[in-house]
Amino acid sequence: MPPIEAIVAPLEAELKFVKMEVSKLQDDNKALDRLSKCKEVALLEAERTVEIAMAKASLVDDLQNKNQELMKQIEMCQEENRILDKMNRQKVSEVEKLTQTVCELEEAVLAAGASANAVRDYERKMQEINEEKKILDRELARAKVSANRVAVVVANEWKDAEN
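Counting in the numbering used here, the sequence shown tops out at residue 330, every number present.
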């Protein structure tokens, strides 16, 4: 039976690793949230610029070209925002899975501790039984020696009686 440390150490290492992964994913989520907010602000600002450009577009051809460029930027930002939203949902899902894994690992560590206690109890009982067996073996050996002595005495008496 391997020592308890050999059982618990890998579990604790994996628990530490999973907690670090959770922390990293949470940091990523925070960064994605900040980035999403910046993109939303940029998107709102771009939409305001587009509205102004459309109002003046009838007067100036240059403003029409600028308006088209801004519309393309808005589309790119919206697509990028969709991608970031999807990534954020995936990260949230990963965090939830890792949180569940952490809970399961914590339960496994607790169960391993209980198992180790049971193993120690059985080992202690086995030592007690082995001690009792040694005592009984010694008593049996003494009884055999005594029986042999009695048998020798009886055999000698019988032999003497026969003679």
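We put the CB at the ideal spot given by N, CA and C, even for glycine.
Query	Result
Beta-carbon spacing of Leu199, Met254 below 8 Å	yes
Chain-order list of residues whose beta-carbon lies under 8 Å from that of Val286 (same chain, five-residue window excluded)	Met168 and Ile171
Burial state of Val227 (16 or more Cβ within 10 Å)	exposed
Cβ contact (3+ pairs, closer than 8 Å) linking the region 205 to 218 and the region 302 to 312	no
Alpha carbon of Asn297 to alpha carbon of Ala283, nearest angstrom	21 Å
Distance between beta carbons of Glu261 and Leu202, contact taken as under 8 Å	That belief does not hold up - the Cβ atoms of Leu202 and Glu261 are roughly 18 Å apart, past 8 Å.
Cβ-based burial, Leu277 [other Cβ within 10 Å; buried from 16]	exposed
For Met168, three-class secondary structure by DSSP	coil
C-beta contact flag for Val189 and Leu272 at 8 Å	no
Exposure of Asn315, with buried meaning 16 or more beta-carbon neighbours within 10 Å	exposed
Val175 vs Ala279 beta-carbon contact at 8 Å	yes
Neighbourhood of Thr268 by C-beta distance below 6 Å, restricted to the same chain and skipping five residues each side	Val185
Alpha-carbon spacing of Lys204 relative to Ala180, whole angstroms	36 Å
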